[in-house]
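First up is the structure itself, then whatever we jot down about it.
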């Protein structure tokens, strides 16, 4: 964990949550030493995480919360987690979007980070069911048109209709009908959970169905997911791992997960790490 005592509260809490999940629990005195902040600051951070349902406070520290498979955190709750990992993943994934291509960008906070990176890719056609993702492009384009910002890649953005979920994605029959009629060069897909047995999963049944249509309509599926999604299983699976071409994740992916992925169909891209040298 970082020794920077000037970390923003959101960054500190993301680091604390990662430590809780990785180790199965932490003590307040350990966090004060590692983060170089006061006991009171750590306790406030744990209180905030507990209110969000991210950890369970125990005497002297905190332990992970076992989330039910149908629990769906909201966009704001997820947006402060794994910030640096999401940025690394977004930069790596953006390199897979060719100028002039038609891409689909599903919802989620990692897709939101990716949208900012895609602003510089020229002449994209972007189909998304994420209100937040669409706003990234619309805001940049308005700023460029008024002379208040750089040209935002001149993307054509199509926002599907549908019913809004807690993660600010649009799902249901309206979204499904729009997606079924289209064909994408690449789908960039964030996920709630990913595992060998369950594949890609989400706690939202309607979102699962919309994601199935996304996967069927794409020539290539690129999953963008930080290491905390590995081993998580939501209520409904919507794709198997052999339907995925690439998984872009971060360096926090544990060694056992990397070993499992070596036997699986998707290409594994670990953002921020050099690719392994090919055997001679």
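In the UniProt record's numbering, the protein residues as written are 1 to 280.
Where is the CB? At the ideal position from N, CA and C, for every residue including glycine.
Buried or exposed by the 16-neighbour rule on C-beta atoms within 10 Å, applied to residue 181: So residue 181 counts as exposed.
Are there 16 or more other CB atoms within 10 angstroms of the CB of residue 236, so buried, or fewer, so exposed? That one is buried.
Inspect the beta-carbon positions of residue 156 and residue 128 and report whether they are closer than 9 Å. With respect to residue 128, residue 156 sits apart: the two C-beta atoms are not nearer than 9 Å.
Which first and last residues belong to the alpha helix (DSSP H) in which residue 133 is found? If you look at residue 133, you'll find it in the alpha helix (DSSP H) that goes 131-145.
Going by CA-CA distance only, name the one from 10, 194 and 18 that's closest to residue 260. When only C-alpha atoms are compared, the closest one is 194.
Simplified DSSP assignment, three categories, for residue 229: In the three-state reduction of the DSSP assignment, residue 229 falls in the helix class, which pools H, G and I.
Would you kindly work out how many angstroms separate the C-alpha atoms of residue 49 and residue 116, rounded to a whole number? Taking the straight line joining both Cα atoms gives about 27 Å.
Taking the straight line between their C-alpha atoms, what separation do you get for residue 15 and residue 188? Residue 15 and residue 188 have their C-alpha atoms roughly 26 Å apart.
Does the distance from the CB of residue 245 to the CB of residue 222 come in under 9 Å? Less than 9 Å separates the beta-carbon of residue 245 from that of residue 222.
Closest to residue 179 by CA distance: which of 200, 202, 218 and 270 is it? Closest option to residue 179, Cα to Cα, is 218.
Run through the UniProt domain "HTH deoR-type" (9-64) for me and flag every whole alpha helix (DSSP H) of 4 or more residues, listed as ranges in chain order. Taken in chain order, the complete alpha helix (DSSP H) segments of 4 residues or longer contained in the UniProt domain "HTH deoR-type" (9-64) are 9-23, 28-35 and 39-51.
Grouping DSSP H, G and I as helix and E and B as strand, with all else coil, what is residue 240? The answer is coil: DSSP assigns residue 240 none of H, G, I, E or B.
Take the Cβ of residue 20 as the centre, count every other Cβ of all protein chains shown within 10 Å, and call the residue buried at 16 or more, exposed below. By the 10 Å Cβ count, residue 20 comes out buried.
Cutoff 6 Å; reference residue 247; Cβ partners in own chain excluding five residues on either side: If we look at residue 247 and ignore the five residues flanking it on each side, its Cβ neighbours are 223, 266 and 268.
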